[in-house]
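Counting along the sequence shown from 1, when you hit position 84 you're at 64 in the numbering used here, and nothing is skipped either side.
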Amino acid sequence: MASNNELRSLDKRIEENLMEIYENEIVPLKKIIEFVEQYKNFKLSGAEKLEVLFSNNKKDNNSGQPKEVISTHGLPGFFAGDRDAKTVMLMLNPGQDVALANNPITTYDRLKKGDGKDYNISSLSFKDFVDIFKDNSKNYGNIDKDRADNFDLKQAAFLKHWDGWSDNVDNRFAGFLDSDYKKMLKGKIDDETKKTINDINKKAKQIVLMQKLSMDLVPYASRKFEGISPKKMELLFPYLETLFHEIFEKDRKYVIFCSNFYEDLFKRYNKWNERKWHIERLSGPKEKDENVLNNSKVYCRPIIIKYRKEEEIKYRQEKKLNCSQNAIIAHTFPNKSLPNAYEKMEKYGKFCYEEWNKAFGTDE
């Protein structure tokens, strides 16, 4: 190293300082540029095929480019919770902003969020990556336990009266929507009461996420399921069959499809010649109730999902595996009249449970 009083030529000073910039800025920047170019040319194959399903031809106000309608780069939300669970709830798509999901920093943050380890991404093997993803998905309820979430609490409210939805002793959601909880909501809510309610809400959310299996029809963050052309629904059939396959991997007690979109999808799926399953009980009027909401009706429909092909049925019978699965479509679950109104969602869930028992009986 040169001494402080050593004469440096102009060229020497240029080389010294630029070497530091080159090694610490230019070389990493070159890698970033390579990553950006690769990122721009990459799209998740499944998500790319579904872009046409959600495309609305609208352009971003800032860039003038077509708006992102589905995440083609971010981590998919294939499942959350216990894949062996007795209860399965099926939604439509992950509730996340598309642009946020597409941000590679979001992928990195989700990767690190699981067990808090400082992963060295450059040395992370593909197997490690898959294992971490599955583990984080299974334990999402524990990972995110300190944050109350209205959508997750809607699920807890819906399942409040479903007897035996989980074998765990805390399957009643730790006081959520019990009489004392409701009294607190109707009384004066001071700081201590607010903390008690918040603690109960967070625990209920953790329970409902950890003790059931949640899956989405489309595992990629996307815009709302509105205005989707019936002619394009066939693009969703392979994703529907992935859900069916996972459902039949274990013995399930309750399978709940949480959107009226599923009814239209099932009816069209039943006409698909290549289908592996068939859904029964789709004809006739839906079950309805007029007492849950003041000004409108709520609906549900018990259904039965059955394997269709004889060779598959024979194989499963020989292995003593289920060939059919009772399920229900909860049409009104995403209704805007039931936003964060947990008591209304509790009543709606109880109505659906009663209709389940009418259709399929109880285990008692």
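The beta-carbon is built from N, C-alpha and C at its ideal position, and this holds for glycine as well. Since this is a predicted model, take the numbers as computed values, not measurements.
(message) If contact is defined by three or more beta carbon pairs under 8 angstroms, each pair taking one atom from either stretch, is the region 185 to 203 in contact with the region 63 to 82?
(response) yes
(message) Using only the alpha-carbon positions, how far apart do I123 and D89 sit?
(response) Taking the first residue of the sequence shown as 1, we reach residue 123 at position 143. Taking the first residue of the sequence shown as 1, we reach residue 89 at position 109. So the two alpha carbons sit approximately 12 angstroms from each other.
(request) State the beta-bridge partners of A22 as determined by DSSP. (result) Counting from 1 along the sequence shown, the entry for residue 22 is found at position 42. Contrary to the premise, residue 22 reads as Phe rather than Ala in this sequence. Paired residues: none, contrary to the question.
(request) Please confirm whether D64 and Q191 have their CB atoms less than 8 angstroms apart. (result) Locating residue 64 in the sequence shown gives position 84, where the first residue counts as 1. Locating residue 191 in the sequence shown gives position 211, where the first residue counts as 1. It is not a contact, given that the beta carbons lie outside the stated cut-off.
(request) Note down the Cα distance separating N21 from T52, rounded to an integer number of angstroms. (result) Position 41 of the sequence shown, counting from 1, holds the residue named residue 21. Position 72 of the sequence shown, counting from 1, holds the residue named residue 52. The straight-line gap from Cα to Cα measures roughly 11 angstroms.
(message) What does the Cβ neighbour count give for D179, buried or exposed, with the cut at 16 atoms within 10 Å?
(response) The count along the sequence shown starts at 1 and reaches residue 179 at position 199. D179 is exposed by the Cβ-count criterion.
(message) Applying the 10 Å Cβ sphere with the 16-neighbour rule, what's the burial state of D132?
(response) What you label residue 132 is simply residue 152 of the sequence shown in a count that begins at 1. Only buried fits D132, as 16 or more other CB atoms lie within 10 angstroms of its CB.
(message) Taking 7 angstroms as the cut-off, is the C-beta of E5 nearer than that to any heavy atom in the ligand NAD?
(response) As for the ligand NAD, it is missing from this structure, which has no ligand bound.
(request) Return the CA-CA distance between I256 and E291, expressed in angstroms with no decimal places. (result) By one-based count along the sequence shown, residue 256 stands at place 276. By one-based count along the sequence shown, residue 291 stands at place 311. Note that residue 256 is Lys in the sequence shown here, rather than Ile. Whole-angstrom Cα-Cα distance: 11 angstroms.
(request) Could you name the residues that DSSP lists as bridge partners for S304? (result) On the sequence shown, residue 304 is found 324 positions in, with the first residue counted as 1. In DSSP, S304 forms a bridge with K286.
(request) Report buried or exposed for N148, applying the criterion of at least 16 other Cβ atoms within 10 angstroms of its Cβ. (result) Reading the sequence shown from its first residue, position 168 is the one you call residue 148. Burial check for N148: the Cβ neighbour count within 10 Å stays below 16, so the residue is exposed.
(request) Taking P282 and R261 to be in contact with their CB atoms under 8 angstroms, please state how far apart those CB atoms are, rounded to whole angstroms. (result) Against the sequence shown, residue 282 aligns to sequence position 302. Against the sequence shown, residue 261 aligns to sequence position 281. 6 angstroms between Cβ atoms; contact.
(request) Check the C-beta distance from K140 over to E326 and give it rounded, since I have them as a contact under 8 angstroms. (result) Here residue 140 is taken as the residue at index 160 of the sequence shown, counted from 1. Here residue 326 is taken as the residue at index 346 of the sequence shown, counted from 1. Rounded, the Cβ-Cβ distance is 5 angstroms, consistent with contact.
(request) Evaluate G54 with the Cβ neighbour count: other Cβ atoms within 10 Å of its Cβ, from every protein chain shown; 16 or more gives buried, anything less gives exposed. (result) As a position in the sequence shown, residue 54 is number 74, starting the count at 1. By the 10 Å Cβ count, G54 comes out buried.
(request) With a threshold of 16 other CB atoms inside 10 Å of the CB of V278, please say whether the residue is buried or exposed. (result) Working through the sequence shown from its first residue, we reach residue 278 at position 298. Buried, since its Cβ has 16 or more Cβ neighbours within 10 Å.
(request) Measure the CB-CB distance between L72 and F246 and report whether it falls below 8 angstroms. (result) For the purposes of this step, residue 72 is taken as residue 92 along the sequence shown, with counting starting at 1. For the purposes of this step, residue 246 is taken as residue 266 along the sequence shown, with counting starting at 1. No, they are not a contact pair.
(message) Taking 7 angstroms as the limit between beta carbons, can you name the residues of its chain near F340, skipping five residues before and five after?
(response) One-based indexing of the sequence shown puts residue 340 at position 360. Cβ neighbours of F340 beyond the five flanking positions: P282, N306.
(request) Compare the Cα-Cα distances from S263 to each of N271, N274, E243 and report the closest residue. (result) Against the sequence shown, residue 263 aligns to sequence position 283. That would be E243, whose Cα lies nearest to the Cα of S263.
(message) Just verifying my parser: in three-state terms, what is the DSSP assignment at R281?
(response) Translated into the one-based positions of the sequence shown, residue 281 becomes position 301. Here R281 sits in strand by DSSP.
(message) Alpha carbons only, please: which of L189, W252, E323 is nearest the one belonging to L220?
(response) In the sequence shown, counting from the first residue as 1, residue 220 sits at position 240. Checked all of L189, W252, E323; the closest Cα to L220 is W252.
(message) So, with DSSP's three-state summary, where would you put L72?
(response) Counting from 1 along the sequence shown, the entry for residue 72 is found at position 92. Here L72 sits in coil by DSSP.
(request) State the start and end residues of the unbroken alpha helix (DSSP H) segment that holds H225. (result) Position 245 of the sequence shown, counted from the first residue, corresponds to residue 225. It spans 217 to 227 - the alpha helix (DSSP H) in which H225 sits, taken as one unbroken run.
(message) Only counting the same chain, and skipping five residues up and downstream in sequence, which positions put a Cβ closer than 7 angstroms to that of I227?
(response) Residue numbering aside, residue 227 sits at position 247 when the sequence shown is read from its first letter. Excluding sequence neighbours, I227 sits near V68, V235, Q305.
(request) Assign G207 to one of two classes, buried (16 or more other C-beta atoms within 10 Å of its C-beta) or exposed (fewer than that). (result) Counting from 1 along the sequence shown, the entry for residue 207 is found at position 227. Flag for G207 reads exposed.
(message) Which of the three DSSP states is assigned to G121 in this structure?
(response) Reading the sequence shown from its first residue, position 141 is the one you call residue 121. Looking at G121 - three-state DSSP - the assignment turns out to be helix.
(request) Would you grab the beta carbon distance between F153 and V110 for me? Rounded to a whole angstrom, and I think it's under 8 angstroms. (result) Along the sequence shown, read from residue 1 onward, the residue named residue 153 stands at position 173. Along the sequence shown, read from residue 1 onward, the residue named residue 110 stands at position 130. That belief does not hold up - the Cβ atoms of F153 and V110 are roughly 32 angstroms apart, past 8 angstroms.
(message) Checking the sheet assignment: what are the DSSP bridge partners for S202?
(response) Position 222 of the sequence shown, counted from the first residue, corresponds to residue 202. In the DSSP output, where bridge partners are listed per residue, S202 has I50.
(request) Apply the 10 Å Cβ neighbour rule to I259 and answer buried if 16 or more other Cβ atoms are within range, or exposed otherwise. (result) Translated into positions along the sequence shown, residue 259 becomes position 279. I259 comes out buried.
(request) Throw me the rounded Cβ distance for the K233 and G144 pair, which I believe falls under 8 angstroms. (result) Translated into positions along the sequence shown, residue 233 becomes position 253. Translated into positions along the sequence shown, residue 144 becomes position 164. Indeed they touch by this definition, with Cβ atoms about 6 angstroms apart.
(request) Please report the residue range of the beta strand (DSSP E) in which Y234 lies. (result) Translated into positions along the sequence shown, residue 234 becomes position 254. 234 to 237 is the extent of the beta strand (DSSP E) around Y234.
(request) Return helix, strand or coil for L33, following the three-state DSSP convention. (result) As a first step, residue 33 must be located in the sequence shown, where it is residue number 53. DSSP, reduced to helix, strand and coil, places L33 within a helical segment of the structure shown.
(request) Compute the distance between the beta-carbons of L193 and Y322, then report whether it is under 8 angstroms. (result) Position 213 of the sequence shown, counted from the first residue, corresponds to residue 193. Position 342 of the sequence shown, counted from the first residue, corresponds to residue 322. No, these two residues do not count as a Cβ contact at 8 angstroms.
(request) Rounded to whole angstroms, what's the CA-CA distance from G26 to Y19? Just pull it up for me. (result) Here residue 26 refers to the residue found at position 46 of the sequence shown. Here residue 19 refers to the residue found at position 39 of the sequence shown. The straight-line gap from Cα to Cα measures roughly 16 angstroms.
(message) Check this for me: beta carbons of C238 and L70, under 8 angstroms apart or not?
(response) What you label residue 238 is simply residue 258 of the sequence shown in a count that begins at 1. What you label residue 70 is simply residue 90 of the sequence shown in a count that begins at 1. Yes, Cβ-Cβ distance for C238 and L70 is below 8 angstroms.
(message) Only counting the same chain, and skipping five residues up and downstream in sequence, which positions put a Cβ closer than 7 angstroms to that of E48?
(response) As a first step, residue 48 must be located in the sequence shown, where it is residue number 68. These residues qualify, in order along the chain: V78, A79, N82.
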